[in-house]
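Undergrad: Quick one: this structure, given as structure tokens, is what I'll be asking you about.
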Amino acid sequence: MPLDLQLHRVQSLLRHLNNPHYKPKFIHVAGTNGKGSVCSYISHILTAAGIKNGRFNSPHLITPRDSIQINNLSVSRTVYEKFKVMIQDIDKKYNVGCTEFELLTCTAFQIFAECNVDIAIMEVGVGGRLDATNVIPAEKTMVVGITKIALDHQGLLGNNLREIASQKLGIFKKDVPAVIDGTNDKSVLEEAEKEAKHVGCNLYVTKKEDCWVKPKLLGNYQYDNLAVALKMISLVEDYSIGSELVKTGVEKTIWPGRLQTYKLEHAKVDINDDGFTPVLLDGAHNTSAANELGKYLGSIRGNSGFVYVIAITKGKDLTSLFQSIINENDIVIFTQFAENIEGMPWIEPFLASELRDELTNQAIPLTDIKVINNVKDALKTAIQISQKENKKIVVCGSLYLVADVFRL
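For what it's worth, full-length UniProt numbering labels the leading residue of the sequence shown as 1, then goes sequentially.
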């Protein structure tokens, strides 16, 4: 099912809901990589400062309601189901025809309004200009942020960085301060300056040195993400958040499935003991993210190599992922995440055998490549290899695979 990016359906449905998106104030974040981390930093800082906030992230990790949080806690199943059903009924009653993501976005707007959040932090789903979140009125928007922009969703958003950037920069609004990660490609920064001038807003370009507090999250790129978050927080008017509260928020920040060390209990993969094995989880869902994962793994690799458990969504660039992370002394287990992702029927994995065939065609002299379709069995095999050969386990390639690990 192709994505249909339009705004008129969301605008129509929100009118039938009496425009809940006019109630709170908003912080809006777009980008290819890092936008979820930036949203998490901001929400944890706001929570530390006692400011009631909502956060909308996508895709969800385990269930769609994970996408909607208040003060960093997912809304209850009861609250989520109540408003989900209400909004679906209104969509059907007026024959609006919203997509699954548009319905979820409107559910977030309604919940944030009903729960009286002071500030709602909205992460763009795809692109920005035509994304369902981009119905937020300028007068209710406090600041917008742009994280690292890279090649992803080509064809849908554009075929080069300038075209993709143009879509993501579409969240800029007149008289609303905009912040952009200064490590972006020169062409992206040029497009940002052009867009800011066109819409009439002040543009702030960050640099790593702006990050005056150490990020809690792993990976050197988190300094870039945190620099964006800190600048955005400094531009939030009507609230004075002291440096100690900012530090507290940063220290409490978590962002599951991104360079996360997870204690995988052996019993969950049918190994009959009460032990666990640490595994590194990372989505690494596009070229830029795979490069960052490769840099981090290079810093901890040692001589033993890794055991990889990999699944990848169809349409992704396999070559960049493989070449960024895999070395000749590694062992690779290809698997497949569960299909029929709730709320995202268009998502489907490569077959594990297809991934093996692609890697075999590349010039990486691996001697051990396995195909194990079932995720639990793949993880069990990885643990057994890790124990025998003293190799660290890395689970990567898709957040949908990471979600399957959490579901065990």
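For every residue, glycine included, the Cβ atom is placed at its ideal position computed from N, Cα and C.
1. Just how far apart, CA to CA, sit P20 and T147?
2. The beta strand (DSSP E) with K263 in it runs from where to where?
3. Quick one: what's got a C-beta closer than 6 Å to S43's C-beta in the same chain, skipping five residues either side?
4. How big is the Cα-Cα spacing for A113 and Y22?
5. Determine the direct distance from the alpha carbon of S58 to that of K93, and round the result to whole angstroms.
6. Of the residues S304, T248, I180, K208, which one's Cα is nearest the Cα of Q387?
7. Going by Cα to Cα distance, which pick from F26, G50, K84, L7 is closest to T248?
8. Is the CB-CB distance between I312 and F350 below 7 Å?
9. Could you check what DSSP says for Q336 in three-state terms: helix, strand or coil?
10. Considering only residues of the segment 289 to 367, which uninterrupted alpha helix (DSSP H) runs meet the minimum length of 4 residues and lie entirely inside it, listed in chain order?
11. Terminal residues of the continuous beta strand (DSSP E) containing T277?
12. Nearest-angstrom Cα distance between A48 and P215?
13. How is the beta strand (DSSP E) around V179 delimited, first residue to last?
14. Could you check the C-alpha separation between R15 and V135 for me, to the nearest Å?
15. Given Q69, which residues of its chain have a CB within under 6 Å of its CB, disregarding the five upstream and five downstream residues?
16. Mapping DSSP to helix, strand and coil, what is H28?
17. Just mark S76 as buried or exposed, buried being the case when its beta carbon has 16 or more other beta carbons within 10 Å.
18. With burial defined as no fewer than 16 other Cβ atoms inside 10 Å of the residue's Cβ, what is the status of Q222: buried or exposed?
19. Any heavy atom of the ligand FMN closer than 6 Å to the Cβ of G257?
20. May I ask you to report which of helix, strand or coil DSSP gives K207?
21. Report the option in D330, K268, D91 whose CA atom is closest to the CA atom of K380.
22. Which residues mark the beginning and the end of the beta strand (DSSP E) in which I149 is found?
23. Does the segment 332 to 344 come within contact of the segment 363 to 383, defined as at least 3 CB pairs closer than 8 Å?
24. Round the Cβ separation of V279 and Y262 to the nearest angstrom and send it over; I've been treating them as touching at under 8 Å.
25. Can you look up R129 in the DSSP assignment and give me helix, strand or coil?
26. With a Cβ-Cβ cutoff of 7 Å, do V176 and T133 count as a contact?
27. Which of helix, strand or coil does DSSP assign to K392?
28. Could you check the C-alpha separation between L10 and L104 for me, to the nearest Å?
29. Closest by CA to L235, which one among V143, F322, H266, L218?
30. Evaluate F406 with the Cβ neighbour count: other Cβ atoms within 10 Å of its Cβ, from every protein chain shown; 16 or more gives buried, anything less gives exposed.
31. Going by CA-CA distance only, name the one from V375, C396, L293 that's closest to D270.
32. Using beta-carbon positions only, say whether A196 and L203 come within less than 7 Å of one another.
33. Hey, how far is the Cα of D185 from the Cα of G257?
34. When we look at the beta-carbon of I171 and count the other beta-carbons within 10 Å, is it buried (16 or more) or exposed?
35. DSSP on A49, reduced to helix/strand/coil?
36. Tell me which same chain residues have a C-beta within less than 6 Å of the C-beta of T253, skipping the five on either side of it?
TA: Working from what's here:
1. As a working note, residue 20 is residue 20 in the sequence shown. As a working note, residue 147 is residue 147 in the sequence shown. Looking at the two C-alpha atoms, the distance is approximately 27 Å.
2. On the sequence shown, position 263 is the one that residue 263 refers to. 260 to 265 is the extent of the beta strand (DSSP E) around K263.
3. Along the sequence shown, one-based indexing puts residue 43 at 43. Closer than 6 Å at Cβ, skipping near neighbours: N53, R55, N72, I121.
4. What you label residue 113 is simply residue 113 of the sequence shown in a count that begins at 1. What you label residue 22 is simply residue 22 of the sequence shown in a count that begins at 1. Their backbone Cα atoms lie some 8 Å apart in a straight line.
5. Taking the first residue of the sequence shown as position 1, residue 93 is located at position 93. Taking the first residue of the sequence shown as position 1, residue 58 is located at position 58. So the alpha carbons of these two residues sit roughly 26 Å apart.
6. Reading the sequence shown from its first residue, position 387 is the one you call residue 387. It is S304.
7. Within the sequence shown, numbered from 1, the residue matching residue 248 stands at position 248. It is G50 whose Cα lies nearest to the Cα of T248.
8. Here residue 312 refers to the residue found at position 312 of the sequence shown. Here residue 350 refers to the residue found at position 350 of the sequence shown. Contact: yes.
9. Mapped onto the sequence shown, residue 336 falls at position 336. The answer is coil: DSSP assigns Q336 none of H, G, I, E or B.
10. 318 to 325, 352 to 360
11. As a first step, residue 277 is located in the sequence shown; it is residue number 277 there, counting from the start. 276 to 282 is the extent of the beta strand (DSSP E) around T277.
12. On the sequence shown, position 48 is the one that residue 48 refers to. On the sequence shown, position 215 is the one that residue 215 refers to. Roughly 16 Å between the two C-alpha positions.
13. The count along the sequence shown starts at 1 and reaches residue 179 at position 179. It spans 178 to 181 - the beta strand (DSSP E) in which V179 sits, taken as one unbroken run.
14. For the purposes of this step, residue 15 is taken as residue 15 along the sequence shown, with counting starting at 1. For the purposes of this step, residue 135 is taken as residue 135 along the sequence shown, with counting starting at 1. Between R15 and V135, the C-alpha separation is close to 11 Å.
15. Mapped onto the sequence shown, residue 69 falls at position 69. Taken in chain order, the residues that qualify are R55.
16. In the sequence shown, the residue the question calls residue 28 occupies position 28. Three-state result, H28: strand.
17. As a working note, residue 76 is residue 76 in the sequence shown. It counts as exposed.
18. In the sequence shown, the residue the question calls residue 222 occupies position 222. That one is buried.
19. Absence of the ligand FMN from the depicted structure is noted, as is the absence of any ligand whatsoever, leaving it without description.
20. For the purposes of this step, residue 207 is identified with residue 207 of the sequence shown, where counting begins at 1. In the structure shown, K207 sits in coil (DSSP, three-state: anything other than H, G, I, E or B).
21. Within the sequence shown, the letter at position 380 stands for residue 380. K380 has its Cα closest to that of K268, out of D330, K268, D91.
22. Counting from one through the sequence shown, the residue named residue 149 turns up at place 149. Careful: I149 lies outside any beta strand (DSSP E) and carries neither H nor E.
23. yes
24. By one-based count along the sequence shown, residue 279 stands at place 279. By one-based count along the sequence shown, residue 262 stands at place 262. Their Cβ separation, rounded to whole angstroms, is 5 Å, which keeps V279 and Y262 in contact under 8 Å.
25. For this step, residue 129 is matched to residue 129 along the sequence shown. R129: coil per DSSP, three-state reduction.
26. Taking the sequence shown and counting its residues from 1, one reaches residue 176 at position 176. Taking the sequence shown and counting its residues from 1, one reaches residue 133 at position 133. Cβ distance not < 7 Å, so V176 and T133 don't count as in contact.
27. Taking the sequence shown and counting its residues from 1, one reaches residue 392 at position 392. Strand.
28. As a first step, residue 10 must be located in the sequence shown, where it is residue number 10. As a first step, residue 104 must be located in the sequence shown, where it is residue number 104. Looking at the sequence shown, residue 10 is not Leu but Val. Looking at the two C-alpha atoms, the distance is approximately 10 Å.
29. The count along the sequence shown starts at 1 and reaches residue 235 at position 235. Closest by alpha carbon: V143.
30. Along the sequence shown, read from residue 1 onward, the residue named residue 406 stands at position 406. Answer is exposed; the Cβ neighbour count stays below 16.
31. Against the sequence shown, residue 270 aligns to sequence position 270. Per the Cα distances, V375.
32. Within the sequence shown, residue 196 is the residue found at index 196, counting from 1. Within the sequence shown, residue 203 is the residue found at index 203, counting from 1. Cβ distance < 7 Å, so A196 and L203 count as in contact.
33. Along the sequence shown, read from residue 1 onward, the residue named residue 185 stands at position 185. Along the sequence shown, read from residue 1 onward, the residue named residue 257 stands at position 257. Taking the straight line joining both Cα atoms gives about 26 Å.
34. As a position in the sequence shown, residue 171 is number 171, starting the count at 1. Buried, since its Cβ has 16 or more Cβ neighbours within 10 Å.
35. Along the sequence shown, read from residue 1 onward, the residue named residue 49 stands at position 49. A49 falls in the coil class under three-state DSSP.
36. Within the sequence shown, residue 253 is the residue found at index 253, counting from 1. Only S40, Y41, H44, K216 meet the Cβ criterion.
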